[in-house]
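Report on the following structure.
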Amino acid sequence: MDRLILGKTGIDVNKNGFGALPIQRTPKKEAVYILQKAFYNGIDYYDTARAYSDSEEKLGAAFEYTRERIIISTKTAATDAEGFWKDLEESLRQLKTDYIDIYQFHNPAFCPKPDDGTGLYEAMLKAKEQGKIRHIGITNHRIAVAKEAIESGLYDTLQFPFSYLSSDEDLSIVAKCKSAGMGFIAMKALSGGLITDSAAAYAYMSRPQFSHVAPIWGIQREHELDEFLSYQDCPPTVDERVMTRIEKDRRELSGEFCRGCGYCMPCPAGIEINNCARMSLMLRRAPEADWLSPEWQAKMKKIEDCLHCNQCMKKCPYGLNTPELLKKNYEDYKTFL
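Numbered by the numbering used here, the letters in the sequence shown go through residues 55 to 391 in order.
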């Protein structure tokens, strides 16, 4: 199986990382089974967050007795030092551990630094001195914040969206991290579900220029885990079939589209923006019957209740015109009914 070093952390991990956001939707007994199956098949890096409801609790239940044999990264979305310490202590409790390998600021709108008035970075340093965290990381969806974090030299790792749909500007972030000796953790490696060929995604991540990239595959079900485990023994390569698929997806998904990150939520009108604003793509990339159920028809109809408050636009890290996307997706959706 492929392995890599996470930059200057010196941490050696399996190239198959486990993104533990989706297991918050999996019953605890099943989630623990999936996590332990991943571990016993060689996956040793797990990424979660305080914001992922009971994801940390499930990791704690799965790995209480094998903690020293895995790497865990988690995140805080705190905006001040008080919130930082509250999140950290709760994460330690839920994960049933006394340290976190990589503790990350969770998609902040700015790059936390010493003396910026928030006390956040100072809290990170103190937590590291106390042995509660081992490395300092940051996650983001914004190019400007990602660049600033790399250039600051303050962070050991950056977690950033990266897939074969990424732009040239995104690719520059990946290269900058390599030059800076900074670990690069790839979230959204399947572009929030829009990439449906996991073998093509895995093969792309395995290219030599991405030898330093640690993808964390979002896994919710056992059959999803089995797909990625199979690639450890029979790794797919970027052959003619894979390149044809990548080029086809790039053509279909070029331009502005919702990545489903959810940072626009919650919506004051109760619209499930992170799925409704990309419904046209999902209808064409997954069995359409799944999206045409009475439940989804009701969710899409809520777009009619849009308040046009533009809160979603202000919060979108990609600068999308979300109300316009909702409108277009709703009109398209109605043609399928």
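Here a beta-carbon is modelled for each residue, glycine too, at the ideal position from N, C-alpha and C.
Report the residue from Asp56, Tyr119 and Val86 whose alpha carbon sits nearest the alpha carbon of Gly96.
With distances taken between Cα atoms, Gly96 lies closest to Asp56.
Ser206: which of Leu283, Pro166 and Leu244 sits nearest, CA to CA?
Of the candidates Leu283, Pro166 and Leu244, the one whose C-alpha sits nearest the C-alpha of Ser206 is Pro166.
Along the chain, where does the alpha helix (DSSP H) that runs through Val86 open and close?
Segment Lys82 to Tyr94, the alpha helix (DSSP H) holding Val86.
Less than 8 Å between the CB atoms is what I'm expecting for Leu89 and Ala116, so what's the real figure, rounded?
Right, the Cβ-Cβ distance comes to about 4 Å (below 8 Å), so this counts as a contact.
Okay, do the region 234 to 249 and the region 59 to 73 touch, 3+ Cβ pairs below 8 Å being the bar?
Because the criterion of three Cβ pairs below 8 Å is met, the region 234 to 249 and the region 59 to 73 touch.
Distance, Cα to Cα, Cys370 vs Lys129?
Whole-angstrom Cα-Cα distance: 20 Å.
Answer with buried or exposed for His189, where buried requires no fewer than 16 other C-beta atoms within 10 angstroms of its C-beta.
Result: buried.
For my contact list, Gly246 and Arg313 are in at a C-beta cut-off of 8 Å; report their separation, rounded to the angstrom.
Yes, Gly246 and Arg313 are in contact; Cβ-Cβ is about 5 Å, under 8 Å.
For the region 95 to 109 against the region 68 to 79, are there 3 or more C-beta pairs whose distance is under 8 Å?
Output reads yes: the region 68 to 79 touches the region 95 to 109.
Candidates Ser127, Leu346 and Tyr258: which alpha carbon is nearest Asp210's?
Answer by Cα proximity: Ser127.
So is the beta-carbon of Glu326 under 7 Å away from any non-hydrogen atom of the ligand ATP?
Among the components modelled here there is no ligand, and therefore nothing to report on the ligand ATP.
Between Ile204, Gly185 and Ile187, which has its C-alpha nearest Asn194's C-alpha?
Checking every option, the nearest Cα to that of Asn194 belongs to Ile204.
Does the distance from the C-beta atom of Ile125 to that of Asp155 stay below 8 Å?
Yes, the pair counts as a contact, with Cβ atoms nearer than the cut-off.
Name the residue from Glu118, Phe164, Glu223 and Asp386 whose alpha carbon lies nearest to the alpha carbon of Met354.
Of the candidates Glu118, Phe164, Glu223 and Asp386, the one whose C-alpha sits nearest the C-alpha of Met354 is Asp386.
First and last residue of the beta strand (DSSP E) that includes Trp345?
From DSSP, Trp345 is part of no beta strand (DSSP E); its letter is neither H nor E.
Identify which residue in Leu380, Ser347 and Leu346 has its Cα closest to the Cα of His362.
For the residues Leu380, Ser347 and Leu346, the minimum Cα distance to His362 belongs to Leu380.
Mark Ser109 as exposed unless 16 or more other C-beta atoms lie within 10 angstroms of its C-beta, in which case mark it buried.
By the 10 Å Cβ count, Ser109 comes out buried.
Should Phe216 be labelled buried (16 or more other beta-carbon atoms within 10 Å of its own) or exposed?
Counting Cβ neighbours within 10 Å, Phe216 comes out buried, since at least 16 surround it.
Taking only runs that begin and end inside the region 141 to 226, name each unbroken beta strand (DSSP E) of 3 or more residues, in chain order.
Those beta strand (DSSP E) runs which fall completely within the region 141 to 226 and span 3+ residues are 154 to 160, 187 to 193 and 211 to 215.
Inspect the CB distances between the region 296 to 305 and the region 341 to 357 and report whether three or more fall short of 8 Å.
Touching, no, given that fewer than three Cβ pairs across the two stretches are closer than 8 Å.
Can you name the residues that DSSP bridges to Lys129?
Answer is Gln158, bridged to Lys129.
Is DSSP giving Phe311 helix, strand or coil here?
Here Phe311 sits in coil by DSSP.
Can you look up Met319 in the DSSP assignment and give me helix, strand or coil?
Note: Met319 maps to coil in three-state DSSP.
Rounded to whole angstroms, how far is the Cβ of Leu179 from the Cβ of Ile192, which I believe are closer than 8 Å?
Actually they are not in contact, since the Cβ atoms of Leu179 and Ile192 sit about 14 Å apart, beyond 8 Å.
Residues in its own chain within less than 7 Å of Val86 by CB, not counting five upstream and five downstream?
So the list reads Lys112, Ala115 and Ala116, once near-sequence residues are dropped.
Reducing DSSP to helix, strand and coil, say where Pro269 ends up.
Three-state result, Pro269: strand.
Expressed to the nearest angstrom, what Euclidean distance is found between the alpha-carbon atoms of Leu337 and Asp251?
Looking at the two C-alpha atoms, the distance is approximately 16 Å.
Please report the Cβ distance between Arg104 and Ser145, rounded to the nearest whole angstrom; I am assuming they are in contact, meaning their Cβ atoms lie under 8 Å.
So it is a contact: roughly 5 Å between Cβ atoms.
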